[in-house]
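Q:
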Amino acid sequence: MRPLLLKITSFGPFVGTHEVDFGLLQGRSFFLIHGPTGSGKTTILDAICFALYGESSGAERSGADMRSDFAAQDSLTEVEFDFSLADKTYRVQRRPRQLRPSRRGTGTAEEPQHAVFYDISPDENQKPQEVALASGWNRVNEMIQKLLGFRSDQFRQVVMLPQGQFRRLLMADSKERQAIMQVLFQTGLYSRIEAYFKEQAKTVEDLALRIEAKKAELLQEHACTSTEELRMAIDKEIGVIASDRKQLEQITKDLAGAAEALGQAKRIAQLFKACAEARHELEQLSLQKDDIERQRRILEKGRKALLLAALENSLNQRQTEYKQIQIEHRKAAMELEQLKMQNKAAQEAYQAETDKEAERYQASRHLHWLHSLTPVFEQYQEARNELAAAEQQRGLLQEDLSQAEAEMTKIRLQREEINNNWQTAQQSALQVEVLKTEVQAQETIFSKRNELEQARQSLAKHKYEWKKAVRQLEKAEQKYNELKNHGSVLQDAWNQGQAALLATDLREGVPCPVCGSLNHPHPHTASGQLPDEKQLKEQQARIDLAAEQLNEARKNAVAIEIKLRLFEEKTLRLEAELGDKGSQTLAALRQSLELSRSKYQTTMKSASQEGQWAQSLALLEEGEKLSFSRLERLKYELGQAEQECASTQAIFSERAQHLPQTIIDRETLQKEQEQALKHCEVLAQNLENARLLAEELNVKLSNTATRVDSLLEKTNQARLHFDNESLLFTQELHRAGFKQQAEYEAARSSETKLNDLEVFIKQYDLRLHSAQDQLARCEAEVHGLQPPDLAAIQTRHEQLQTERDRIHAEFTLAEERLKKLNNDLITVGGYEKQLEAVTGQYRVLGRIADVANGKNPKNVTFQRFVLGALLDDVILRASERLSRLSKGRFILNRSQDLTRANAAGGLNIEVYDHYTSTTRPVANLSGGESFLASLALALGLAEVVQSYSGGTYLEAMFIDEGFGSLDADSLDEAVRILFSLQEQGRLVGIISHIDELKERIDARLEVKKSEFGSSLSFHVS
Amino acid sequence: MRILHSADWHLGRSFHGYNLIEEQAHVLEQLVNLAGESGVDAVIIAGDVFDRSQPSAEAVSLLNTVLTRICQDLCIPVIVIAGNHDNPERIGFAQHMLTQQQLYMVGPLNGLWQPIPLYDEYGPVYFCPLPYSEPAFVRNFTGDQSIHDHHSAMAAMIDYITSTLPASARKIAVAHAFISGGVESESERPLSAVGGAGCVSANLLELFNYCALGHLHRPQYIGNEKVCYAGSLLKYSFAEAEHRKGVTLLEIDQNGELMKGENIALSPRRELRCIEGNLEEILTSDRSDDYIKVVLLDEGALLDPMGKLRQVFPHIVELQRPVLHQVPAGLGGERDFRNLTEVDLFRSFYQQVTGNCLSEPEQGVVARLVDKFYEKERGD
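Residue numbers (the working numbering), protein chains in the order written: chain A, 1 to 1021; chain B, 1 to 380.
This is the structure in structure tokens:
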């Protein structure tokens, strides 16, 4: 897993969004995260851990606590982490549960935790893409765990060595270490193989047991416990079968005889029965004879009644007809009454309408009047329109007038202004000349002052030089005097020396070459050193040199003095010329000069503008004149318009008088007209309606009266018919033999019933005859026979039958049992063979499985063995590094205590100290030593994992502090070793506050702390 | 002109826990006396005066003593440049004021960085200080963005410093770098994280009459005697046990030719030695206060060897037992278990834990089981 980019927002002490782009490392694999305490260095590792697993690196800070206290309310805490694994690139985004301001209303709402996991490997065309692989906190956790292979606590032990907890891998007990190494090297395969072996062994064992069980079960069914017993049972069974067979044959014979006898007896009994039956029937029929006679008589009567039915029907019909007509008649009479009343009412109404003649006349007159108003109204409307137009015109004119007045005043103001300007311009022109002369005067003064300044300066310089020259002169003079003195001294000495020389030649009595005396009382003795010629000459030369120099100096001084006097004169002259102006500074003079110059410039400018002002003034005066004339014209027009208005107003008011008050416009007039018309029409209509109604009712009345009369006649006729018919009927009834109506009623029944009755009687007759015949026949048959004892014969037969069945069943049962026993014997044989084979298999398999699962003298399981070998490898590499780090003192060993029966032991680490040749448990190491040991172990582990292709990818490693516990030498060595990792392409990030590391490591991520949160910057040199 | 060339003092360094400040003081005393007696016109220290960028108080104090004696008492100009162990800004403290006293401490690349002229009777000899600088700083200073490694950085620095000098002038370079062809020992701190990128090739130095170099602790020449490493003051690791530590004394004539250059040894108080042998023999040696590394060739276990040896060598610093580093008994000879099949692994496992071999039919069973296991896994 190699980190590529980390983006954190409002996380820990980081406000806003900060990015850590690991790509900036440009292939360097070693970088340092540094910053002051509490700036957020560990937070960066927390962020990585959190992004991957939802927990912080030390597992001490929970995800929800990671929200920054500095963050703005609306900025959500979020971590986004891009990393590459194998050939693919992934991105995971996470937000912990946090409060945020609610979108509706005030207060806060809880934002739930959120996680998304993307695959952002570029597709075939190298274009980046984002494919979401999982979302939701737990799903993302699962997916990442599957990809990386680590759980979060394992990740923290191997990839991140967190602050204060780097010792965990070192200190872990065997089981934990086993779990980690299992994940790293994917030796889960071996534990699965172990389990599989065990499973297989168990399966085989189970199989054997099952076979055994089955065999026992089978034997149990026959109440045997072994194969021998089974065989004996078989033999027994065979004997039983033989005896049963014999018995069966015997009884079958007996049964056949009994069956025959039974058949015979049955037949005879049957005949006797039939005889008895026939007799019985005949008796029954005789009893019914009387009944049948009665039925015959009823049949006769019924036939007669049928004939009379038709007549009865027609009589009923007549009755109904009569009743109907009666009802109709009554109805018609009632109607007539009603109509009479209605007619009377209608006549009255009609009369009333006719009386309203006067009203009608009134209404039509009103209508005529309204029609006449229409033209008057038209005129009135016209007058009103004209008035409105005239007023509008007047209004417009007024507006124009006021506008024109405003313009007029404006122009006047402008003119005055320009006049003023022109006058000022004229004045300026006058001043120009005066100013010019002033400026010139000031310029001359300024230049003179400048000169003065310069003169003063040179004066000073020359004074200084003159002083210097004077000094030099003095020095030269002094030197010359000195030398001269010395020269004379020397000369004296020489003279003396000469004298002494001469003195040596002096003898008493020889004359002195100098004075000629013969006595030499005090001859001069040489004293001290005698200078020689050369020295004298030299001195003289020096003196001459000095004299020359003196002359030079003197000349120099004089020349300078002259120059000095000249400058003095010049200065004084200039001062006199300037007078008091000379005391003013150059700067002040310059300023006043500038001022005068600028004043002169402005005056010139304003003077030049005079011409322009004059021109514009003339233009404005013309404009003013035009505007004034326009104003006059408008006033005249306005007067006209007023007049017009007045006249139209008069006409309008006159016309208005002709109209009634209520009618002010066309619509009302029309409405009134319509209303009046309608009223007239309504009245006319009413009259007509009443007349029509009265006529109609009259006609109806007469019609109804005639109808009533006809109906009365019909009623009477119907009554007559009915009476005739009923008389006829009664006659017929008597002729048929019925004395009363009631008898006839009783005898009447439908035709079908009568037919049935006839059939029934016929049947009886038939039956009677056949019964008689039957009886005669049976008696003939049983003549001379005896009734048998059927029951006894039957029972005997049945007994024999049951006996035979029983014996047969027993026989079949025994045969079956034998068959089954034989089969079972074979099956059991088969089981025994199988069992043998399986047991053999199990022997081998069981042994192997046991050994693989740790049941061996060393108590080591297969997986543990492989892990042990791996751990040895890891420890070897780690040992190398530790030995280097501790300068050959410590190495790591795997502890060999396998005495515990627990198969989970054997992966412990201990430290061997060369200096004392003893082993120490790792818990006894000091802080710095244990840091070195953990570092060595982590590096060794990473190296071994990398070289096993089945292992997970550990391309990055982070070390959080721990360097502070090392002294300078160890720190040097540790950094050196970490640098050497670079060649293996692994990314190592360390967090430390040690300054020295800051200077030695060239790729640094600096975390700066401020009161508004922390910030990140990458420095790569 | 006579010059004393030294380098890599590493004042304040500790060696296996022992503070070497006393040893360094002892040797520097000899150096100062040598400078006085040989009547040199200049002393050059080519970098790594301190061992850490924030040196300890006693290291600073020692340097103060030494430089005061050479500069003030002996009135010899001293040129010191910063090395990769020093912090340039700290070395350059009071640079301007110290130059008035003829102590030239050149650290950072700034406006004061310029050639140092020292005069002899024939005229000036220009000393070009080339203190160790990270390529990034050189890039910033010169504005040339193409500088990315030490070689190009050195080239740019040389261009800059010699730009104001006439071509015929006598020039001496004082540099702290790893010139290709040089031999490292264990105690140098690598200049660059990536292996060879810290090297500078020697042809850049051809325009100088002499190059006084520092950084490599072994006294050596690169190519010819003009390019010289003075070597470190003391032996700082056991790999240097055979080196002859000291200073280089050289003389330049009026044409810039190197007249003579010799290496003068300085003797430390305690030597660094490496002793091999069996414990019994070594215990019979004479007692010595030197810093010793002992390599024991005994094969068996020993009781407290360090304690015993400390009786004879109170300053023993390292103990090695090469014989004990064996291949542990794990898979026996088949260490690379990646290439073993499961059956082989199991066979060796079986043997290890039960002491018996797996018979042929049993092996067959195991093989079949493993095959079935893989089938099952694939099916899942």
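Glycine included, every Cβ here is placed at the ideal spot set by N, Cα and C. These figures come from a predicted structure and were not determined experimentally.
To the nearest angstrom, how far is the alpha carbon of arginine 335 (chain B) from that of alanine 367 (chain B)?
A: Since pLDDT at arginine 335 (chain B) reaches only 49, below the 50 mark, its modelled position is unreliable, and the value read off the structure follows with that caveat. Computed Cα separation, rounded: 22 Å.
Q: Under a Cβ-count criterion, where at least 16 other Cβ atoms within 10 Å of its own Cβ denotes burial, should aspartate 48 (chain B) be classed as buried or exposed?
A: Buried: at least 16 other Cβ atoms inside 10 Å.
Q: Take glutamate 271 (chain B) and list the residues in its own chain whose beta-carbon comes closer than 6 Å to its own, dropping the five residues that flank it on each side.
A: Excluding sequence neighbours, glutamate 271 (chain B) sits near Asp290.
Q: Should aspartate 298 (chain B) be flagged as near chain A, meaning a C-beta pair shorter than 8 Å?
A: Not closer than 8 Å to any Cβ of chain A, the Cβ of aspartate 298 (chain B) fails to qualify, so no.
Q: With H, G and I counted as helix, E and B as strand and the rest as coil, what does DSSP make of glycine 487 (chain A)?
A: Of the three classes helix, strand and coil, the one that applies to glycine 487 (chain A) here is helix, per DSSP.
Q: Could you spell out where the beta strand (DSSP E) holding isoleucine 316 (chain B) opens and where it closes?
A: Run containing isoleucine 316 (chain B): 316-320, per the beta strand (DSSP E) assignment.
Q: Give a yes or no on contact between the stretch 179-199 of chain A and the stretch 138-158 of chain A, applying the rule of three or more CB pairs nearer than 8 Å.
A: At 8 Å Cβ cutoff, the stretches touch.
Q: So which residues on chain B does histidine 914 (chain A) lean against when the C-beta distance must stay under 7 Å?
A: Neighbours of histidine 914 (chain A) on chain B, chain order: Leu319, Arg321.
Q: Do you know how far the Cα of isoleucine 76 (chain B) is from the Cα of glycine 989 (chain A)?
A: Each residue's alpha carbon lies about 48 Å from the other.
Q: Could you tell me the alpha carbon to alpha carbon distance between glutamate 125 (chain B) and serine 61 (chain B), rounded to whole angstroms?
A: In the sequence as presented, glutamate is not what sits at residue 125 (chain B); that position holds valine. Using only the alpha carbons, I get a separation of about 31 Å.
Q: Quick one: what does DSSP say threonine 17 (chain A) is sitting in, helix, strand or coil?
A: DSSP places threonine 17 (chain A) in strand when its eight states are reduced to three.
Q: Verify whether the separation of the beta carbon atoms of lysine 1008 (chain A) and serine 39 (chain A) is less than 8 Å.
A: Contact: yes.
Q: Assuming contact is defined by CB atoms lying nearer than 8 Å, are aspartate 811 (chain A) and leucine 255 (chain A) in contact in what I supplied?
A: One detail in the question is off: residue 811 (chain A) reads as phenylalanine in this sequence, not aspartate. For phenylalanine 811 (chain A) and leucine 255 (chain A), no; Cβs fall outside 8 Å.
Q: Counting only beta-carbon atoms, is leucine 130 (chain B) nearer than 8 Å to chain A?
A: Not closer than 8 Å to any Cβ of chain A, the Cβ of leucine 130 (chain B) fails to qualify, so no.
Q: Can you name the residues of chain B whose CB is closer than 7 Å to the CB of asparagine 856 (chain A)?
A: By Cβ distance, chain B contributes Val353, Thr354.
Q: Roughly how many whole angstroms lie between the Cα atoms of lysine 475 (chain A) and alanine 553 (chain A)?
A: When rounded, the distance between both Cα atoms is 9 Å.
Q: Report yes if the C-beta distance between threonine 248 (chain B) and glycine 261 (chain B) is below 8 Å; otherwise report no.
A: Their beta carbons are under 8 Å apart, which means threonine 248 (chain B) touches glycine 261 (chain B) by this criterion.
Q: For arginine 52 (chain B), which residues in chain A fall below 9 Å Cβ to Cβ?
A: Within chain A, the residues near arginine 52 (chain B) are Ala968, Glu996.
Q: Quick check: is the beta carbon of methionine 154 (chain B) nearer than 8 Å to any beta carbon in chain A?
A: So, not an interface residue.
Q: Which term fits serine 286 (chain A), buried or exposed, when burial requires 16 or more other beta carbons within 10 angstroms of its beta carbon?
A: By the neighbour-count rule (16 or more Cβ atoms within 10 Å), serine 286 (chain A) is not buried but exposed.
Q: Based on DSSP bridge pairs, tell me the residues matched to methionine 957 (chain A).
A: In the DSSP output, where bridge partners are listed per residue, methionine 957 (chain A) has A:Val988.
Q: Please report the straight-line C-alpha distance between lysine 605 (chain A) and glutamate 594 (chain A), rounded to a whole angstrom.
A: Each residue's Cα considered, the two are about 17 Å apart.
Q: How about serine 237 (chain B): is its C-beta nearer than 8 Å to some C-beta of chain A?
A: Chain A, which has no Cβ nearer than 8 Å to the Cβ of serine 237 (chain B), makes this no.
Q: Could you check what DSSP says for leucine 1022 (chain A) in three-state terms: helix, strand or coil?
A: Nothing in the structure corresponds to residue 1022 (chain A), since chain A is present only between 1 and 1021.
Q: Using DSSP with H/G/I as helix, E/B as strand and the rest coil, what is alanine 173 (chain B)?
A: Here alanine 173 (chain B) sits in strand by DSSP.
Q: Would you be able to state if there are at least three C-beta pairs under 8 Å between the stretch 863-882 of chain A and the stretch 188-208 of chain A?
A: Yes, since at least three Cβ pairs between the stretch 188-208 of chain A and the stretch 863-882 of chain A fall closer than 8 Å, the two stretches touch.
Q: Hey, does leucine 302 (chain B) have any beta-carbon neighbour from chain A nearer than 8 Å?
A: It does: the Cβ of leucine 302 (chain B) has a partner Cβ on chain A nearer than 8 Å.
Q: Whose CA, out of A:Gln393, A:Ala309, A:Asp544, lies closest to the CA of arginine 748 (chain A)?
A: It is A:Ala309 whose Cα lies nearest to the Cα of arginine 748 (chain A).
Q: Check whether chain A comes within 8 Å of methionine 97 (chain B), counting only Cβ atoms and requiring the distance to be less than that.
A: No, methionine 97 (chain B) lies away from the interface with chain A (no Cβ there is under 8 Å from its Cβ).
Q: Here's the rule I'm using: 16 or more other beta-carbon atoms within 10 Å means buried, otherwise exposed. How should asparagine 343 (chain A) be labelled?
A: Flag for asparagine 343 (chain A) reads buried.
Q: Looking at the structure shown, is glutamate 803 (chain A) part of a helix, part of a strand, or coil, going by DSSP?
A: Helix, per DSSP.
Q: Quick check: is the beta carbon of proline 305 (chain B) nearer than 8 Å to any beta carbon in chain A?
A: Chain A contact via Cβ: present.
Q: Once you ignore the five residues that flank proline 513 (chain A) on each side, which residues in its own chain have a CB closer than 7 Å to its CB?
A: Here the set comprises Leu502.
Q: Do the stretch 801-809 of chain A and the stretch 250-270 of chain A touch if we need at least three Cβ pairs shorter than 8 Å?
A: Taking 8 Å as the limit for Cβ pairs, the verdict is that the stretch 250-270 of chain A does touch the stretch 801-809 of chain A.
Q: Kindly list the residues whose CB is nearer than 8 Å to the CB of valine 838 (chain A), restricted to its own chain and excluding five residues on each side of it in sequence; keep chain order.
A: The residues are Val204, Leu207, Ala208, Ile211.
Q: Quick one: list the residues of chain B neighbouring glutamine 200 (chain A), beta-carbon separation under 7 Å, in chain order.
A: Within chain B, the residues near glutamine 200 (chain A) are Leu369.
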